[in-house]
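Student: Got a structure for you, written out below as structure tokens; questions coming shortly.
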Amino acid sequence: MIIDKRDICALLDAIGRDEQVYVPGSVAGVTQFVEHEPGVEPLLDVRTTKVPPKELLFPKAERLYRWKTHEGHLSIEQADVASRPFTVFGMRPCDVASVERLDQVFLTKGYVDEFYQARRQAATLVALACERTDPTCFCDSMGGSPTRAPGADVVLRDRGDSYRAQAQTERGQRALDAWRAAAPDAVRDDEPGEAPDAGDDARVTCSLTVDMDGVAQAMPGLYESPMWDDIADTCVTCGTCTFVCPTCYCFDISQDTRAAEGSRYRCWDSCMFVTYTQMAGGHNPRADKAPRVRQRFMHKLSYFFDRYGENLCVGCGRCIADCPAGVDITRVIDRVGAEAAAMRGEVAVDG
Amino acid sequence: MRIGVFVCHCGSNIAGTVDVERVAREALKLPGVVFSDTNKYTCSAPGQESVCSAIKENALDRVVIASCSPRMHEATFRKMIAEKTDLNPYMLEIANIREQCSWVHKDREQGTRKACDLVAMAVAKVSCDRELFTTNLPVERRALVIGGGIAGIQAALDIADAGFPVTLVERESSIGGKMVMLDKTFPTMDCSACICTPKMSEAAENPNIEIKSLTEVESVSGYIGSFDVTLREKAKYVDYDVCTGCGLCETKCPTKKIPSEFNQGLSTRTAIYKPFPQAVPSKPTIDAEHCKKLQSGKCGVCEKVCPTGAIRYDDVDRVTTQRYGAIVVASGYELIDWTGLYGEYGAGRYPDVITGLQFERIVNASGPTEGHILRPSDRTEPKTTVIVKCVGSRDPNKGVSYCSRACCMYAAKHAHQYLDKVPDGTCYVFYMDVRCAGKGYDEFYMRTLQDGAIYVRGRVSKIYPEGDGLVCMGEDTLSGEIVRVKADMVVLETAMVPSRGSDVLASKLNVQRGPEGFFTEAHPKLRPVETNTAGVYLAGVAQGPKDIPDTVAQAGAVASKVIGLFARGQIESNPMLSKVDVSRCSGCRACVDVCPYGALGLVQANLRENSRKVTRTVCQVNEGLCQGCGACSVACRSGALDLLGFSDEGIMQEVEMLCQ
Amino acid sequence: MTANLTQQIRDRARDLLQSGTVSCFIAWEPARFEHWRTPVTIESPDEVDRIVVDEWCDQLIAKYALQRRGDGRIGMVARGCESRAVERLVADRQVSRQDVYLVGVGCTGMLDRDGGAPLKKCEECQRRNPVTYDEMVGETVEEPRPYRFGEVDRIESMEPEQRRAFFDRMFSQCAMCFACRNVCPACNCRSCFADAERVGWLEKDFGLDASRYWGLMRAFHTGDRCIECGECERACPMGLPLMTLMHKQVRDIDRLFGPYEGGGLSDAGPDPLRSYRTDDVEEFM
Amino acid sequence: MSVTSDAVAAEARSRAEGAASPEGGAGSPWQPKILAFCCNWCTYAGADLAGLNRMNYPADIRLLRVPCSGRVNPQHVLRALQDGCDGVLVCGCHPGDCHYVSGNYYAKRRMMVFKRLLEYSGLRPGRFQVRWISGSEAGKFRDTVVSVTEQISQMGPMASDAPSLEALAGADALLEAARGAGDAR
């Protein structure tokens, strides 16, 4: 299916009549996924939005249940898990990849999170392949690709004046059918004989690359390495990297208590925060910066890999761009590689 | 949590406008509330009995009483809980549904609804209450009295007579203060020295009183029951243990032309001297500033003549520290320096314009003129004398705004004394008002009028010399005429002002002074001799202008407070104090800066944090000093400080409950 | 900034480390991309060549001294903002002045690594030269003291509803990442009120009320101690104009209680909100 | 703007706003909810005296007793305003008369700065007020309650201060303009 760029808005208006559509937009200068408003052009030229689309599937705060006492009796009311169908339009391949990571966490290994599942099943993911990359992009080093988004239901590819939309799943096919039905004037069929485009890894590449070979395997051996002190020296342990990360999924359970009633909700948490591991008795196993910094990278590059066979990093580069102190995950990966090599006695590490 | 709510009818005081039964029913719906009841008069004996039995029968662990203001009966109910139940008395909150509800709202529905809210807020707060315990702090049964005037002497005597040791500190070389300078006291015309000097010797001889003359308070730390006070006793250059006070040195001292402070500059004294014959301690000191030996090393006459060898030219200041349980401030007053303020009165250039205190010395039989009224300039008897009242007092533009209280009476006394001693003399008294409230005071004033004193209502606007006399010019505001009186002598009745150094003393003691500079009492009506710093009391003019009877009465009141404190021997601490969570404290000092009581300090603490031993600077609350104001808990940004009894959690829960 | 500043600082750092005057030296080093800098703490004289000091050093490094407390004297490059931050830390008793060794440099402002435009915080800077230092490298620079209350003027002139809208939108963008706090030299509490699990203290629901509560209370907690380094605003990943809250309080305090200082070490006594005068302006009678 | 994630907070907020209406429900008219932090020694005593004198004032005010106005944390005030109070009053002794010597002087400075900050950030003037009322000023207490209740009633519920969509849209543009170089990278 071909969609002329000038018809994108009309198409989104049409989809938006039946369900919510989230598109890249800007709120007061901060790029993020916003609900499409009729007539408002989405910012499809933006590569990675400042705020990742993660919270559409995994909200910052989500009610789990409410409780109430009435004349001595306690009643508990489960929060509603159902979600109405919605479309996320224009996700970059790295963000699509991040959803696959979240799926692993919330839907596999026998643990199914019904809140996540409900949203996930309601979502149609429409990816937009990258024609160019930012200096901080390194998805192709993390097993991804700027041009391919295998986890998406539909993938859009820029053809200059138009986008070509290809369904990658049944859900995607149904979506294309629905678009055609809803906005027949905004879309047209592929040129006759046009072959499916699977993406071309060689055509668009990231200038930033890292060597991931052996990193996951080397990490456990570096648990006691002084390198974490070095990195922690610079880190200010704010939550920026974890909150702009499309894959970080840590949460806390908190409560809202008011006299006779209240509720419990889960909310994003950050392993960078000192409160993350604060125990009730006052002890904190990660009171210092270095163990917290180590935890973040260990989790991203080793623990997650051990459990799911891939890294908890999709190479979107947001944390690199946003870190107020200039901590850079790719430099950490380089450092891990060098330290591991040094431990094997191959190369002397300097700096 | 098992909270019980007791709603009081207070007869019809509450029940008249608030549906107390509904309030009690609604309270049962609140979280943690397992029992509620109403009572006709909760504070009555049967009311208290029913609350106590309900606490026991329902195993209540927290109590809310909805009744009158906590300012009225919180203490009553706390005592009740402490004495008649097993509950901690601080597991109680009062909902004020009388003064702040039933008495001020007429609409029954609105009043009831508000009462429900107030009870809910109290329930929210009581849920956060923790058991608090008072501790008994020991009291050092020894008092420090600062100032050896009649106030200090009287307070010291009363405390000492009760059997407690007292240190009486006087900055001058003798106790006695201003009273001993006076000739007679109104309205009875007793000889002032005759009633004051026996008190002085009584103090000197009392085994419980230690008099430290030429001594000032250097520093004070600690709190009620346990003040550590450092005193500096200035060098006297005479060994009092050896000196017999024979006075030979005074007669031989070659430096004789020093104006006598005691005689207000109307006579002279020597460099080694006793300020007056009846001085206590009755031993001389060397005035180092004027002593030739100490200034230039040449002289040494006193050493040579002293039969006991008591002279010590190498004497130095002695600094000692002693613990006291209570401190009495009786630092008195001085007279305002009118010469700098009243240029129109000659600013001190006319020798025959004198102060009331100089007149006291002139009229005194042991004074410079041996009691003959002779004016300073030419030592002749003034035939016309003008007395000007309110010089400095009630004059916010030049002097002070307040009334010095005693001057009306001593002006009358001076007029009376003058007319008594100069039967053919004429005495004018310029006045603004005549305030003679006091036993026998107005009668005394009337007698002075009968004596022939001429009272002119008006301020003297100018005094200027004419011939060998002075002209006092002013408006008689009753007739509206300008009056000019040719006088031979003018007596200015000047204002009382706080004694010099009161500001420094106030900061050492951490007590407050009013805008006029006198020390501030804890409550103007109900705690007139206490200060806001527990254990520090006020006697005499240090607290504000007053006459001798009031001063002595106040000194007695102070003594009774001190004796009461010492008799108890210990004080129960207020447990609603600041509490610091050292694990959150950064030692930034913000709390220390705001604490008005100096109750917070920084200490090096050895702590265990995350299974590690660390030494850090953290805040520490001195429970003896903390009064529980909570200012620190707000200054503390991290929330390391909290106020027990009014905790952040309790306040927040009240807010949340109201917003529910 | 002079061209050979980097070399001069490297030389001084080497000397100071070699002589044992300092146990470490805090400065910047190049990051992965051109013009990107990251703070670095150098411990060995052999590593001083990592240091770079130029117009791209956007981070304030003074607060890094806190994590080196107790390890001997800490060397540091000190521009105006670093020196003021050190004063702040000293006033808040988190370090003592002798614990740090400041190599002062005059600063003409930093540039945005991605576009080369002057940083907003530097355009509002009131102190380009260090206010305290142990030695100076290079010359002091001119102090233009630009007007910094333009934003405050603009917001004050708005209607309450517009202001509410402005701050509603601003706070709704807050990520609650606490980067503003973690880089702020006045935010030097061992434990922040926001980290206390207390009823009614700070909700974790990422709602507008929570972020407003956080934003206003943090601003208030630092309001009388702000050194106006603008680091909160630079660090904010959402780019929120946080300094407007600080500048507002700075100007109010200046007008109400006398010249605003912020460094905490002026002769005027303790910080304005932990002192008072009995003749303070009265508006609540 | 994140849409789904605000749900938890939005619910809390709507409940806080809903709390502004009395238990009577939709039928009864809105009545303001005004919280007054009062120091134990002066204003609370003044309020008691007003009761003793049987003075009459609107019933919308709820007093919260604190030992001293210096105990009132701006956090308490902000929390109350966010949680559903339509107005907050902080009262203490006259400067110079503080039972604890200087607590109200600190309160005064804190509240002067904090009030300006709140109003700067969009709180309508009048929602948060500070007054010094002594233990003898029952009349002043009554008059203050009357005037504050009057002002808050006229302003309407706190929820009505929520900015309009136009104002919010305008704010976005201003916010974008307020960013400087180096921010929001």
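Chains P, D, G and C, in that order, are what the protein sequence lines are. Here the first sequence stands for residues 551 to 901, where the numbers follow this note's numbering. Here the second sequence stands for residues 46 to 705, where the numbers follow this note's numbering. Here the third sequence stands for residues 105 to 389, where the numbers follow this note's numbering. Here the fourth sequence stands for residues 1103 to 1287, where the numbers follow this note's numbering. Glycine included, each C-beta is placed from N, C-alpha and C at the ideal position.
Between P/Arg698 and the rest of its own chain, which residues show a CB-CB distance below 8 angstroms, the 5 nearest in sequence each way excluded?
Tutor: Excluding sequence neighbours, P/Arg698 sits near Pro643, Ala679, Val705, Ala748, Gly749 and Asp751.
Student: Counting pairs of beta carbons, one from the stretch 332-341 of chain G and one from the stretch 288-302 of chain G, are three or more of them closer than 8 angstroms?
Tutor: Touching, per the Cβ criterion.
Student: Starting from the beta carbon of C/Val1157, find every residue of chain D whose beta carbon is closer than 9 angstroms, and list them in chain order.
Tutor: Looking at the sequence itself, residue 1157 of chain C is Met, so the reference to Val does not match. Simply Trp148 and Val149.
Student: Does DSSP put C/Leu1151 in a helix, in a strand, or in coil?
Tutor: In this structure, C/Leu1151 counts as helix in the three-state DSSP scheme.
Student: Is the beta carbon of C/Cys1140 less than 9 angstroms from the beta carbon of C/Leu1166?
Tutor: Going by C-beta atoms, C/Cys1140 is nearer than 9 angstroms to C/Leu1166.
Student: Tell me which residues of the stretch 674-698 of chain D have at least one Cβ-Cβ distance to chain G shorter than 8 angstroms, keeping chain order.
Tutor: Residues Ala680, Arg682, Ser683, Gly684, Ala685, Asp693, Glu694, Met697 and Gln698.
Student: Beta-carbon separation of D/Val262 and D/Thr366 under 9 angstroms?
Tutor: No, they are not a contact pair.
Student: How long is the line joining the alpha carbons of G/Cys185 and G/Glu239, rounded to whole angstroms?
Tutor: Near 16 angstroms, if we compare the C-alpha coordinates of G/Glu239 and G/Cys185.
Student: From the beta carbon of D/Leu647, is the nearest beta carbon of chain G less than 9 angstroms away?
Tutor: Closer than 9 angstroms to some Cβ of chain G, the Cβ of D/Leu647 qualifies, so yes.
Student: Give the DSSP-derived three-state secondary structure of D/Gly589 in the structure shown.
Tutor: Residue state, collapsed to three classes: coil.
Student: From the beta carbon of C/Ala1273, is the nearest beta carbon of chain G less than 9 angstroms away?
Tutor: Yes, C/Ala1273 counts as interfacial toward chain G.
Student: In chain G, what lies closer than 9 angstroms to P/Arg881 by C-beta?
Tutor: Ordered by position in chain G, the residues that pass the 9 angstroms Cβ test against P/Arg881 are Ala135, Arg136 and Thr142.
Student: My output table needs one value for D/Thr430: the three-state DSSP class, helix, strand or coil.
Tutor: Three-state result, D/Thr430: strand.
Student: Distance cutoff 9 angstroms, beta carbons only. Does C/Val1248 sit that close to anything in chain G?
Tutor: It does not; no Cβ of chain G falls within 9 angstroms.
Student: Grab the span of the beta strand (DSSP E) containing P/Gln570 for me, first residue to last.
Tutor: Its beta strand (DSSP E) spans residues Gln570 to Val577.
Student: Return helix, strand or coil for G/Asp196, following the three-state DSSP convention.
Tutor: Three-state DSSP puts G/Asp196 in coil, outside helix and strand.
Student: My output table needs one value for D/Asn58: the three-state DSSP class, helix, strand or coil.
Tutor: Reduced to three states, the DSSP call for D/Asn58 is helix.
Student: Among the residues of its own chain, which have a CB less than 7 angstroms from the CB of P/Ala837, if the five just before and after it don't count?
Tutor: Contacts found: Val824.
Student: Rounded to whole angstroms, what is the Cα-Cα separation between D/Cys630 and D/Lys328?
Tutor: Using only the alpha carbons, I get a separation of about 56 angstroms.
Student: Taking C/Asp1245 as the reference, which of C/His1178, C/Ala1275, C/Tyr1146 and C/Tyr1159 has the closest Cα?
Tutor: Answer by Cα proximity: C/Tyr1159.
Student: Going residue by residue through the stretch 129-210 of chain G, where are the continuous beta strand (DSSP E) segments of at least 3 residues, counting only ones entirely within it?
Tutor: Fully enclosed beta strand (DSSP E) runs of 3 or longer: 141-146, 178-182 and 204-208.
Student: With a threshold of 9 angstroms between beta carbons, is G/Arg267 in contact with chain P?
Tutor: So, not an interface residue.
Student: Output yes if chain A places a C-beta closer than 9 angstroms to the C-beta of G/Arg302; else output no.
Tutor: Looking at the structure shown, chain A is missing, and the protein chains on hand are P, D, G and C.
Student: Check whether the Cβ of D/Ala635 lies closer than 9 angstroms to any Cβ atom in chain G.
Tutor: Closer than 9 angstroms: yes.
Student: Apart from the five residues just before and just after P/Arg616, which ones in its own chain have a Cβ nearer than 6 angstroms to its Cβ?
Tutor: Answer for P/Arg616: Glu627 and Ser813, listed in chain order.
Student: Let me make sure I understand the geometry here. Which of P/Pro685, P/Trp778, P/Asp568 and P/Thr807 has the alpha-carbon closest to that of P/Ala732?
Tutor: Nearest option by C-alpha distance: P/Asp568.
Student: How close, in whole Å, do the beta carbons of D/Leu688 and D/Ser623 come, if the pair is a contact with beta carbons under 8 angstroms?
Tutor: About 6 angstroms; that satisfies the 8 angstroms criterion.
Student: Do D/Asp362 and D/Ala457 count as a contact pair if the criterion is CB distance below 9 angstroms?
Tutor: No, the Cβ-Cβ distance between D/Ala457 and D/Asp362 is not below 9 angstroms.
Student: Nearest to D/Gln672 by alpha carbon, out of D/Gly61, D/Asn577 and D/Leu494?
Tutor: Closest option to D/Gln672, Cα to Cα, is D/Asn577.
Student: How many angstroms separate the CA atom of P/Cys791 from the CA atom of C/Gln1184?
Tutor: Between P/Cys791 and C/Gln1184, the C-alpha separation is close to 30 angstroms.
Student: DSSP has P/Met641 in a bridge; who is on the other side?
Tutor: P/Ala677.
Student: Between which two residues does the beta strand (DSSP E) carrying D/Asn141 extend?
Tutor: Run containing D/Asn141: Leu137 to Asn141, per the beta strand (DSSP E) assignment.
Student: Mind listing which residues of the stretch 1164-1179 of chain C have their C-beta closer than 7 angstroms to chain P's C-betas, in chain order?
Tutor: Flagged: no residues at all.
Student: What did DSSP end up calling D/Tyr490 once you bin it into helix, strand or coil?
Tutor: Note: D/Tyr490 maps to helix in three-state DSSP.
Student: Would you say D/Met621 faces chain C, with C-beta separation under 9 angstroms as the test?
Tutor: Yes, D/Met621 lies at the interface with chain C (some Cβ there is under 9 angstroms from its Cβ).
Student: So with CB distances below 9 angstroms, who are the chain D contacts of G/Asp175?
Tutor: Within chain D, no residue comes near G/Asp175; the closest Cβ sits about 14 angstroms away, beyond 9 angstroms.
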